[in-house]
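Visitor: Here you go, one structure.
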Amino acid sequence: MRRGWSHLAKTADLRGEEIVAARVEPSEIGYINAILEGHEGLSIMRTADPRLGIVCFWVPRGQRAEFDAMIDALRREVSLVVLPPDDPVLRGLALEEWNTGAP
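This is the structure:
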């Protein structure tokens, strides 16, 4: 059974936030999350598929440039590939529901 993320939509206003999906080495997920926690308010990260290393970042309005700079810096340390929204690996993740705040 897939665990949903709808509880996030109920506790945060995600309208207008941008969701950025990426593929990372599964062993680096914890490290990347720790880096993000150190940059409070820049992004929230959720792991969509820990086996494949698929993560999604919620980026607040007005923070995309700073987020992109952080991602560029992280790429010097870890393998991180930002996925296009139409990447087949993202099928079934219902990103549009997360972005609109729908349950």
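All residue numbers for the sequence shown refer to the numbering used here, where the first residue is 5 and numbers rise by one. Cβ coordinates follow ideal geometry from the N, Cα and C atoms, glycine included. In this text the structure is predicted, and so the values were computed from the model without any measurement.
Is the Cβ-Cβ distance between L87 and A38 less than 7 Å?
Guide: No.
Visitor: Can you give me the start and stop residues for the beta strand (DSSP E) that L94 sits inside?
Guide: Taken as a continuous stretch (DSSP letters only), L94 belongs to no beta strand (DSSP E), as it is neither H nor E.
Visitor: So, with DSSP's three-state summary, where would you put E44?
Guide: In the structure shown, E44 sits in coil (DSSP, three-state: anything other than H, G, I, E or B).
Visitor: Could you work out which residue in P30, E22 and F61 is closest to V82 when comparing CA atoms only?
Guide: Measuring from the Cα of V82, the nearest candidate turns out to be P30.
Visitor: Would you say M74 lies against chain C (beta-carbon separation less than 7 Å)?
Guide: Absence of chain C from the displayed structure is noted, only one protein chain being present.
Visitor: With distance defined between alpha-carbon atoms, name the residue in V28, Q67, V93 and E21 nearest to R80.
Guide: The option with the nearest alpha carbon to R80 is V28.
Visitor: May I have the straight-line CA-CA distance separating I36 from A73, to the nearest angstrom?
Guide: Taking the straight line from one Cα to the other gives about 14 Å.
Visitor: Might you give, ordered along the chain, the residues of its own chain that have their beta carbon closer than 8 Å to the beta carbon of V63, omitting 5 neighbours on each side?
Guide: E21, E22, I23, V24, L46, S47 and F71.
Visitor: Determine the direct distance from the alpha carbon of V59 to that of H43, and round the result to whole angstroms.
Guide: If I take the Cα positions, the gap works out to 17 Å.
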